[in-house]
Amino acid sequence: MSDFAKRALADRVHAVPPSGIRRFFDIAATMSDVISLGVGEPDFNTPAHIVEAAVTSLRAGRTHYTSNYGTIELRRAIAAKIQERSGVSYDPESEIIVTIGASEAVDLAVRGVIGAGDRIVLPEPSYVAYLPAVVFAGGTVVPVATSASDSWRLHDEAVDSAAAGAKALFLGYPANPTGATLDEPTREALAKIAVARDLVVISDEIYDRLVYEGAAHRAMSAYPGMRERTILIGGFSKSYAMTGWRVGFLCAPKEIVAGLVKIHQYAIMSAPTIAQDAALEALTNGEPALEEMRAAYARRRTIVLEGFAALNLPTGAPQGAFYAFPDIRSTGLTDEVFAERLLTEERVAVIPGSSFGASGVGHVRICYATSEENLREALVRIGRFVATARGVAA
Ligand SMILES: Cc1ncc(COP(=O)(O)O)c(C=O)c1O
Numbered sequence: 026m027s028d029f030a031k032r033a034l035a036d037r038v039h040a041v042p043p044s045g046i047r048r049f050f051d052i053a054a055t056m057s058d059v060i061s062l063g064v065g066e067p068d069f070n071t072p073a074h075i076v077e078a079a080v081t082s083l084r085a086g087r088t089h090y091t092s093n094y095g096t097i098e099l100r101r102a103i104a105a106k107i108q109e110r111s112g113v114s115y116d117p118e119s120e121i122i123v124t125i126g127a128s129e130a131v132d133l134a135v136r137g138v139i140g141a142g143d144r145i146v147l148p149e150p151s152y153v154a155y156l157p158a159v160v161f162a163g164g165t166v167v168p169v170a171t172s173a174s175d176s177w178r179l180h181d182e183a184v185d186s187a188a189a190g191a192k193a194l195f196l197g198y199p200a201n202p203t204g205a206t207l208d209e210p211t212r213e214a215l216a217k218i219a220v221a222r223d224l225v226v227i228s229d230e231i232y233d234r235l236v237y238e239g240a241a242h243r244a245m246s247a248y249p250g251m252r253e254r255t256i257l258i259g260g261f262s263k264s265y266a267m268t269g270w271r272v273g274f275l276c277a278p279k280e281i282v283a284g285l286v287k288i289h290q291y292a293i294m295s296a297p298t299i300a301q302d303a304a305l306e307a308l309t310n311g312e313p314a315l316e317e318m319r320a321a322y323a324r325r326r327t328i329v330l331e332g333f334a335a336l337n338l339p340t341g342a343p344q345g346a347f348y349a350f351p352d353i354r355s356t357g358l359t360d361e362v363f364a365e366r367l368l369t370e371e372r373v374a375v376i377p378g379s380s381f382g383a384s385g386v387g388h389v390r391i392c393y394a395t396s397e398e399n400l401r402e403a404l405v406r407i408g409r410f411v412a413t414a415r416g417v418a419a
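In this text, residue positions in the sequence shown follow the numbering used here: the first is 26, and each later residue adds one.
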């Protein structure tokens, strides 16, 4: 980097390393015949009725800004869905902001809550964007390690001790990269800790609809004492296969939203209008397509979990999102080398676990949002690679 660039960029920008995920995409993009289990997005196209709603919106001339908060119709639909699914009520007029994906909501929530020197508790391994958002805001992350040996369970006692002196708690469940979910007793215990320690809770629940094997999701703001202290984040990218539309949302008590919307209105103006109209259609009529996609992920999850079990790569039993996070230490390789060699030797892209924090070391993230055929072929290739690495015949 030139001296000028070094001086030009702020210290907090230098403090954040470039995304480890991006590097792998860039390598994979230069190769042919790669099966990508890397990128964390649905392989499905957006359901046709949602696309049609956007086309209609565009044809109707809806090419202007909306309210900073988003269209009132979409905010009403978001409020109704949360009420129906988790029993929490938010006022669509003043307690919801429609954002540019859940990504903007994460940034908005963290920037709005965390100031210089503030501490925020963050379970680890965690989605790559959380920690940089805190660093950019001048805050400090207090990590709470979780481990494969007990299926990435978040222990409330560990959160409680990490929370001493902290201002906030960041939760991201169902989790990227582990697929872990929070069970009801853990959610209750976390809520009690948040209340007792007077924490702000930022809860990214973008994978709320993608849970399997009877795991049930309930918004963190639904627990006693939580509505007033929680910034609830959600989105459309994962459940409705709408990553490219860039629409998400956050919900919080009125006075908190009044603060957060200041950042949003000066930085963003509004989320894309036609994408908001598409998201409204998703919430209104999207349930059958969502259920079909969820059922497909459930079948793929079984293929992947059985495949890794057969290869003796311990994976736990992820119950949410569309990720598995197998332990690859038995191959004798680091997660970085494993991912790099698997890509160059067998043309399968996965993400090294260390990209998600220190507790991800020795694991790789597999996104199973791809066809069953791709998954089966990827498992054959991974099997061959693992056998070579272990020095045994495949
Ligand atoms: C946990 C988590 N939160 C937020 C996002 C960003 O979602 P969006 O596309 O809505 O910005 C992702 C995307 O991978 C994610 O995994």
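Idealized CB from N, CA, C, for every residue including glycine. Note that this is a predicted model, so its numbers are computed, not measured.
Residue side-chain check: asparagine 70 keeps its Cβ at 6 angstroms or more from all non-hydrogen atoms of ligand 1. Under the DSSP assignment, isoleucine 258 falls in the beta strand (DSSP E) whose first and last residues are 255-260. Taking 7 angstroms as the cut-off, the beta carbon of methionine 318 is found closer than this to the beta carbon of phenylalanine 69.
Membership of phenylalanine 195 in the beta strand (DSSP E) is indicated by the continuous run 193-196. Excluding five sequence positions before and after glycine 126, the CB atoms of its chain that fall closer than 7 angstroms to its own CB belong to Gly260, Ser262, Arg271, Val272 and Gly273, given in chain order. Between glutamate 306 and isoleucine 75, the C-beta gap is smaller than 7 angstroms, which places the two residues in contact. With fewer than 16 other Cβ atoms inside 10 Å of its own Cβ, isoleucine 97 counts as exposed. Within the DSSP bridge table, the entry for isoleucine 391 names Ala349 as partners. Exclusion of glycine 190 from the 6 angstroms shell around ligand 1 follows from its C-beta lying no nearer than that to any non-hydrogen atom of the ligand. Distances between the C-beta of asparagine 201 and the heavy atoms of ligand 1 include at least one below 6 angstroms. Exclusion of glycine 63 from the 6 angstroms shell around ligand 1 follows from its C-beta lying no nearer than that to any non-hydrogen atom of the ligand. Annotation: the segment 138-187 contains the following complete segments of the alpha helix (DSSP H) (minimum length 4 residues), in chain order: 155-161 and 181-187.
Here the alpha carbons of leucine 285 and proline 67 stand approximately 29 angstroms from one another. In this structure, the C-beta of glycine 345 stays at least 6 angstroms away from each heavy atom of ligand 1. Annotation for glutamate 370: Phe410 place their beta carbon closer than 7 angstroms to its own, counting only its chain and skipping 5 residues before and after. The alpha-carbon of asparagine 337 is positioned some 8 angstroms away from that of serine 355. Rounded to the nearest angstrom, the gap between the Cα atoms of phenylalanine 363 and threonine 171 is 22 angstroms.
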